[in-house]
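*Asks:*
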Amino acid sequence: MLNLQSNGATIIRGNLYDRQCNTPECVDKAKFLLGLSQGLSYLTPAGAVAGAGQIAYNLTTAIINNGGEATAIAVIQGIKGLPENIMAGLMSDDPRVRGETLVTALTIPVVAAAVGRKVGVTVLENIGTGPAAGSRTAQRGGVPVGDGAKGSGATGGTPVVLDLFGGRTSQIPGAINVDIVAEQGVRASATQLPFGPATADRIIASNPYLPGGSGIMDWLPDEANSLKSGGTLTINATQLNKFGQLPSADVLDSLGLKVVQPPGPLLPEFQGNIFRYTDGGQIPSNKVLSTVLQKTGN
Numbered sequence: 243m244l245n246l247q248s249n250g251a252t253i254i255r256g257n258l259y260d261r262q263c264n265t266p267e268c269v270d271k272a273k274f275l276l277g278l279s280q281g282l283s284y285l286t287p288a289g290a291v292a293g294a295g296q297i298a299y300n301l302t303t304a305i306i307n308n309g310g311e312a313t314a315i316a317v318i319q320g321i322k323g324l325p326e327n328i329m330a331g332l333m334s335d336d337p338r339v340r341g342e343t344l345v346t347a348l349t350i351p352v353v354a355a356a357v358g359r360k361v362g363v364t365v366l367e368n369i370g371t372g373p374a375a376g377s378r379t380a381q382r383g384g385v386p387v388g389d390g391a392k393g394s395g396a397t398g399g400t401p402v403v404l405d406l407f408g409g410r411t412s413q414i415p416g417a418i419n420v421d422i423v424a425e426q427g428v429r430a431s432a433t434q435l436p437f438g439p440a441t442a443d444r445i446i447a448s449n450p451y452l453p454g455g456s457g458i459m460d461w462l463p464d465e466a467n468s469l470k471s472g473g474t475l476t477i478n479a480t481q482l483n484k485f486g487q488l489p490s491a492d493v494l495d496s497l498g499l500k501v502v503q504p505p506g507p508l509l510p511e512f513q514g515n516i517f518r519y520t521d522g523g524q525i526p527s528n529k530v531l532s533t534v535l536q537k538t539g540n
């Protein structure tokens, strides 16, 4: 199996694609490999050795060994509802951008499953004794990486729960931590979730904050898109937090959301969680309000 990260590090250090390649085709191939290695390096440490990271590694290795770049990209371009930045990156003229974007796309469950079928990589983690320790499957409570519509709470399986703004590690048992500083879970911004439409049964946004942002509409549309019909979004925020202040009913309706619990005392399940101000100080739990929205359709 190709050690993409080690190979990529060597290329970065010595610009070997410039010194060893004599044809444009060779240079493009080396740059594409560099992009793959850079993409893998962006995965969180836990994900890099198991779970979504391991699947992305296996898939990229199969793509390189079989010359399947064009096939993989064609499969991904046929999947509806993926983020625009991914679709644009896959069409980039820069091989490095295509490589990085391909790895990012392969961490999305529905993409991994579709590409895996084409390149002969089985996207399963929970065969035998259970998911690998530290993997994204383990972090989401045993839900296998695959199409978000399968194995959901709606069909009797384990619900897929996303913990947004969770910090380095989630305080929500069984949830997938999503944060730009995540050390466990998925390192991503709440404004560009690496999940397809109708993926999550529940999303929890605790103390939402985006540096330089303008308010809740910076992130709410993407979360609404990722919720399944009937799924819920719980927002835990102080009254003055602009990233937790709801837009108008008309705006919520346009996103397919409705309020099922207006802002009120912090829900009991979050009473033990720690909330912090941007300066690091701890927010008293009695100052944090919980609001619950529900997805009315997709």
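Adding 242 to a residue's 1-based position in the sequence shown gives its number in my numbering. Where a beta carbon is used, it is the ideal one built from N, C-alpha and C, also for glycine. Just so you know, these numbers come straight off a predicted model, no measurement behind them.
(1) So, with DSSP's three-state summary, where would you put LEU469?
(2) Quick check on the DSSP output: the alpha helix (DSSP H) that includes ARG340 runs from which residue to which?
(3) Could you check which residue in PHE517, LYS484, LYS322 has the C-alpha nearest to that of ASN528?
(4) Go ahead and label ARG340 buried or exposed: buried means 16 or more other beta carbons lie within 10 angstroms of its beta carbon, across all protein chains shown.
(5) Quick one: is ASN327 buried, meaning 16 or more other Cβ sit within 10 Å of its Cβ, or exposed?
(6) Which residues in the same chain have their Cβ closer than 7 angstroms to the Cβ of LYS500, if we skip the five residues on either side of it in sequence?
(7) Taking the C-alpha atoms as reference points, what is the distance between GLN487 and LEU508?
(8) Applying the 10 Å Cβ sphere with the 16-neighbour rule, what's the burial state of PRO210?
(9) Going by other Cβ atoms of all chains shown within 10 Å of its Cβ, with 16 needed for buried, is VAL322 buried or exposed?
(10) Measuring straight from C-alpha to C-alpha, what distance separates GLY281 and VAL361?
(11) Pairs of beta-carbons, one from the stretch 407–421 and one from the stretch 297–315, closer than 8 angstroms: are there three or more?
(12) Are the CB atoms of ALA442 and SER471 nearer to each other than 8 angstroms?
*Replies:* By the coordinates alone:
(1) LEU469 carries a strand assignment under DSSP once its states are collapsed to helix, strand and coil.
(2) In this chain, the alpha helix (DSSP H) harbouring ARG340 covers 337–348.
(3) Checked all of PHE517, LYS484, LYS322; the closest Cα to ASN528 is PHE517.
(4) Burial check for ARG340: the Cβ neighbour count within 10 Å reaches 16 or more, so the residue is buried.
(5) By the beta-carbon neighbour count (other beta carbons within 10 angstroms, threshold 16), ASN327 is exposed.
(6) Excluding positions up to five away in sequence, the list reads LEU494, LEU535, GLN536, THR538.
(7) Looking at the two C-alpha atoms, the distance is approximately 15 angstroms.
(8) Because the chain spans 243 through 540 in this model, residue 210 falls outside it and cannot be assessed.
(9) Note that residue 322 corresponds to Lys in the displayed sequence, not to Val. Classification of LYS322: exposed, given that the 10 Å Cβ count is below 16.
(10) CA-to-CA, the gap between GLY281 and VAL361 works out to about 19 angstroms.
(11) Between the stretch 407–421 and the stretch 297–315, the count of Cβ pairs shorter than 8 angstroms is below three; the stretches do not touch.
(12) Not in contact: ALA442 and SER471 (Cβ atoms no closer than 8 angstroms).
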